[in-house]
Amino acid sequence: MRIIRRADIALHGACAAGVALLAALFAAPFGRPVGGLLAFSAFLAYAAAALRRPFRRARLAQAEFPAAWREILRREVRYYRGLDAPGRARFERDLRWFLDERTIEGVDGVRVTDELRLLVAAGAAVLLHGRPDWELPPGHAILLYPRAFDEEFRCAPRGPLDGQAHGQGPVILARGAVREGWRDPAGAGNVVLHEFAHLLDMKGGVSDGVPREMPRAEVCGWLALAEAEMDKAARGRSLLRPYAAENPAEFFAVAVECFFGKPRLLRARHPALYAALARFFNQEPR
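With positions in the sequence shown counted from 1, the corresponding number in our numbering is that position plus 440.
Here's what the structure looks like:
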């Protein structure tokens with residue numbers, strides 16, 4: 441995550457110029473002074489809207505990170521503990537940006553504490569840490585349910601779902617699973633990383649296990665690797681939990697959980713998969 445990406449600077453510059461040109465053409469019948477004023481006003485209005493987020497990010501980047509938040513991260517997020525000082529500072533910055541730009545709401549009486557907010561935001565900070573130019577797709581609110589839920593989004597004592605991401609809607613997470621995923625990274629999995637991996641996968645418009653950011657030259661190799669690893673998971677011969685064999689999208693999400701939760705074991709037992717994910721995320725978690 442960056443205050444503003446170079447690609448966005450060029451895009452917004454071109455759009456602002458286009459808006460100004462259209463305004464000038466619209467006002468041309470009223471004469472040059474009026475046309476010039478309207479074009480300049482349109483340019484300023486677009487620039488103000490486009491620069492709103494960069495200005496907010498710049499301000500937040502300079503703000504002091506709360507000591508209580510830092511203690512929560514040290515206690516709950518092993519990934520954070522493994523970073524050096526500059527890495528922690530960048531992790532904290534990305535986390536603040538995420539919290540400023542996303543809505544996190546509790547459902548059915550769930551109280552959204554600072555700890556829960558941080559544990560949700562940590563998922564984004566982890567996934568994007570090695571790729572500063574990446575962003576999760578915007579506009580997805582996060583809903584925290586009191587417990588697991590079923591396919592109709594009803595809480596149930598033995599609901600099959602701890603989380604679900606929607607292409608055009610919210611990300612739903614079960615409160616207990618959020619905590620458990622960070623406290624026991626080598627356990628059943630991390631629902632935050634899993635669902636945010638789906639969001640990353642959905643940036644291409646469809647969740648198919650091949651994120652848009654994956655270089656084209658690596659797609660064929662990744663698909664072949666995924667097919668082989670899914671077969672292992674289906675036969676119970678994989679470090680990945682069996683759900684990885686459900687489909688390519690679930691394979692990607694489960695593999696991401698394992699990459700960040702059990703990196704040493706994944707590297708030892710599935711070296712090709714580990715190497716592919718290390719290249720994709722541009723990092724090697726400890």
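Heads up, the beta-carbon is just placed ideally off N, CA and C, and yes, glycines get one too.
Span of the alpha helix (DSSP H), counted from its first residue to its last, around residue i
i    : result
I512 : 507-516
A716 : 711-721
Under the three-state DSSP convention, the category residue i falls into
i    : result
G645 : coil
E575 : coil
L680 : coil
Q502 : helix
A614 : strand
G621 : helix
A685 : helix
P494 : helix
P655 : coil
A626 : coil
R749 : Because residue 749 is not part of the residues shown, which for the chain are 441 to 726, the question remains open.
F691 : helix
G701 : helix
V632 : helix
Chain-order list of residues whose beta-carbon lies under 6 Å from that of residue i (same chain, five-residue window excluded)
i    : result
E635 : G603, A605, V611
T543 : A581
W622 : E516, V517, L559
L513 : Y520
L567 : F636
L535 : A561, A565
A501 : R533
E697 : G629, N630, L633, H634
Own chain, CB closer than 8 Å to residue i, minus 5 neighbours either side, in chain order
i    : result
P682 : A673, A674, G676
D641 : S647, D648, G649, V650, P651, A689, F692, A693
E724 : P703, A718
V618 : L556, L559, V560, L584, V631, V632
M670 : A684, A685, P688, F691
Residue range of the beta strand (DSSP E) that includes residue i
i    : result
G603 : 603-605
Own chain residues within Cβ distance below 7 Å of residue i, not counting five before or after
i    : result
W509 : D554, L558
A715 : none
Touching by the beta-carbon criterion (3+ pairs, under 8 Å), the segment 520-530 and the segment 629-646:
no
Going residue by residue through the segment 519-590, where are the continuous beta strand (DSSP E) segments of at least 3 residues, counting only ones entirely within it?
544-546, 582-585
Taking contact to mean at least 3 C-beta pairs separated by less than 8 Å, is the segment 546-561 in contact with the segment 656-668?
no
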